[in-house]
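In the order they appear, the protein sequences are chains A and B. The first sequence begins at 98 in this note's numbering and counts up one residue at a time. The second sequence begins at 35 in this note's numbering and counts up one residue at a time. Heads up, the beta-carbon is just placed ideally off N, CA and C, and yes, glycines get one too. Here is the structure we will look at, set down as structure tokens.
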Amino acid sequence: MEINAFVIFFAAIFTSNILLTNFLGMCSFLSVSREVESAFGLGLAVLFVMIFTTAINYAVYYLILVPFDIIYLQYIIFIIVIAAFVQLTEMILERFSPVLYYTLGIFLPLITVNCAILGVSLFMVIRQYSFLQSIAYGAGSGLGWLLAIMALAGIRQRLKIKQVPTGLQGAGITLIITGIMSLAFIGFSGIAVIQ
Amino acid sequence: MKKIEIFRQSAFKENAIIIQILGICSALAVTNLMQNSLVMGLGVTFTLALSSMTASLIRNLIPSRVRMMAQTFIIAFYVILVDLFLKAFLPEVSRQLGPYVGLIITNCIIMGRLEAFAGKNPPLESLVDGIGAGTGYTLILLTISFVRELFGNGTLFGYKILGEWWIGWSIMSLAPSAFFLLALLIWIVESHKSKAGSK
């Protein structure tokens with residue numbers, strides 16, 4: 098595939114936002130979007146982990162799995178890499194930067210089971226991106242996820258004082274808002290296509 | 035508890051998607067076509083049932099510190115089976131589902147059932163619980179994809195239902211409709227529940 102890495106970067110943020118068009122990372126998106134501060138913390142952690150795990154998984158896939166012809170093990174290997182990276186980050190942060198640890202640390206365990214992280218690695222393999230393209234895709238998807246969760250958290254904070262029908266409170270209204278956001282993001286389509 | 039009671043509880047009363055809001059990612063992503071939803075639902079049910087049983091079989095052997103890791107491995111093992119099966123026998127569906135088959139590993143429903151049920155109950159009950167939760171998941175997927183495929187393409191399982199006069203309602207094939215339909219389902223169930231509660 099001959100797509101400029103910049104195009105992939107912007108497309109991953111806007112036209113094929115990992116959350117609003119691919120529905121990845123919904124669980125933590127719905128549960129941690131009550132406050133803007135915590136949404137920002139989680140978004141940053143996702144962005145950070147996503148860039149690095151995409152790079153590591155790229156190396157592991159093309160240097161180990163392909164030469165040894167064990168591609169069918171990719172799911173297990175990818176999830177191990179992600180879990181190990183998250184664990185390592187947590188330990189390093191705890192040791193060297195207590196401030197950062199208290200802002201990001203509580204979100205790190207959540208990230209291992211965030212499907213957006215594994216999803217980006219799998220999309221990278223399926224779409225046969227080069228190394229540079231993969232990094233751009235990982236960074237763009239992470240930024241797109243951060244953008245989406247910040248927007249939702251901002252809306253939800255204002256929604257607290259509004260009256261919502263009983264049956265829609267909580268998950269219902271959040272999904273409707275996400276749907277409207279997703280509609281708005283369709284407006285970006287046409288800028289770039291990476292499918 | 036009777037097995038049928040366990041099944042009803044995990045499939046309907048504690049429906050993973052509508053009541054517990056778990057496993058939304060794949061529920062939204064594969065529901066544009068009924069065929070994809072059915073395959074995905076069966077894949078999740080298979081993985082859920084067997085990994086529940088396996089986790090329950092070895093629940094006393096695993097120290098609680100590495101429990102999560104062990105559970106992830108068990109799930110990944112069954113997901114690989116599903117993936118290889120789809121690639122071999124249904125290559126077209128496998129291509130359309132893309133990464134979502136692999137993402138069954140991080141489907142919170144499975145981890146949730148293993149933690150909440152299989153860790154404390156004997157294997158046979160866990161198997162029934164897994165099948166129940168998987169059935170509940172599949173039913174919701176089929177409901178959403180029924181609406182999306184019928185109005186989006188005028189077809190069901192690829193067969194033309196609405197005639198030539200039907201012009202595809204294109205938003206139904208796109209992402210936003212999935213959010214709206216799921217919200218609508220949750221709304222219906224929640225208001226039904228609160229009505230039943232107030233009586």
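The Cβ atoms of A:Val129 and A:Ser135 lie closer than 8 Å to each other. Look at A:Tyr172 here: in three-state DSSP terms it is helix.
Sequence-ordered contacts of the region 119 to 130 of chain A with chain B read Asn119, Phe120, Leu121, Gly122, Met123, Cys124, Phe126, Leu127 and Ser128 [C-beta pairs closer than 9 Å]. Considered as a whole, the region 154 to 223 of chain A harbours 171 to 193, 195 to 201, 205 to 209 and 212 to 223 as its complete alpha helix (DSSP H) runs of no fewer than 4 residues, in chain order.
Against chain B, the CB of A:Val163 has no partner CB under 8 Å away; the residue lies outside that interface.
In this structure, the alpha-carbon of B:Ile108 lies about 38 Å from that of A:Phe282.
Taking 8 Å as the upper bound for CB-CB distance, B:Ser44 and B:Ala167 are in contact here, some 4 Å apart. The region 204 to 216 of chain B and the region 82 to 101 of chain B do not touch, with fewer than three beta-carbon pairs separated by less than 8 Å.
Of the candidates A:Asn114, A:Ile105 and A:Ile100, the residue whose Cα lies closest to the Cα of A:Gly276 is A:Asn114. Of all residues in the region 253 to 270 of chain A, those with a C-beta nearer than 7 Å to a C-beta of chain B are Thr263, Gly264, Leu265, Ala268 and Gly269, reading in chain order.
Only those residues of the region 214 to 235 of chain A whose C-beta falls short of 7 Å from the nearest C-beta of chain B are listed: Leu215, Gly216, Leu219, Phe220 and Ile223. A direct Cα-to-Cα measurement between B:Asn70 and B:Ser179 gives close to 9 Å. A straight-line Cα-Cα distance of about 41 Å links B:Thr88 and A:Leu229. Assigned with DSSP and collapsed to three states, B:Lys121 falls in helix. Residues of chain A whose Cβ lies closer than 7 Å to the Cβ of B:Phe119 do not exist, since the nearest Cβ in that chain is about 12 Å away. If you look at B:Ile205, you'll find it isn't in any alpha helix (DSSP H); DSSP assigns it neither H nor E. The C-alpha of B:Leu190 lies about 14 Å from the C-alpha of B:Val64.
The criterion of a C-beta distance shorter than 8 Å is satisfied by A:Gly140 and A:Leu243. Listed along chain A is no residue with a C-beta nearer than 8 Å to that of B:Ile174; the closest approach is about 13 Å.
Beta-bridge annotation (DSSP): A:Tyr226 is not paired with any residue. DSSP, reduced to helix, strand and coil, places A:Thr118 outside both helices and strands of the structure shown, so it counts as coil. Taking the Cβ atoms as the reference, B:Thr79 lies roughly 20 Å from A:Val210, outside the contact range of under 8 Å.
Three or more beta-carbon pairs separated by less than 8 Å link the region 114 to 134 of chain B to the region 162 to 182 of chain A, which places the two stretches in contact. Within its own chain, the residues whose Cβ lies closer than 8 Å to the Cβ of B:Leu131, once the five positions on either side in sequence are excluded, are Val64, Asn70, Val73, Met74 and Leu120, listed in chain order. Nearest Cα to A:Cys124 within the set A:Ala268, A:Tyr158 and A:Ile273: A:Ala268. Counting only the Cα atoms, B:Val223 lies some 10 Å from B:Lys229. Apart from the 5 residues on each side of it in sequence, B:Pro156 sits with its Cβ closer than 8 Å to the Cβ of Ser90 in its chain, given in chain order. A:Thr263 is not bridged by DSSP to any residue. In this structure, B:Trp221 sits near A:Leu265, with a CB-CB distance shorter than 8 Å.
By the Cβ test, the region 38 to 56 of chain B is in contact with the region 168 to 178 of chain B, since at least three Cβ pairs between them sit closer than 8 Å. Contact residues of the region 273 to 287 of chain A toward chain B are Ile273, Thr275, Gly276, Ser279, Leu280 and Ile283 (C-beta to C-beta distance below 7 Å).
Among the residues facing chain B, A:Tyr159 is not included, as its CB has no counterpart in that chain under 8 Å away. It is roughly 36 Å from the alpha-carbon of B:Arg147 to the alpha-carbon of A:Ala233. For A:Thr112, the three-state secondary structure derived from DSSP is coil. DSSP links B:Tyr193 through a beta bridge to B:Leu190. Within the same chain, Thr151, Ala152, Tyr155 and Met221 come within 8 Å of A:Ser231 by CB-CB distance, once the 5 residues on both sides are set aside.
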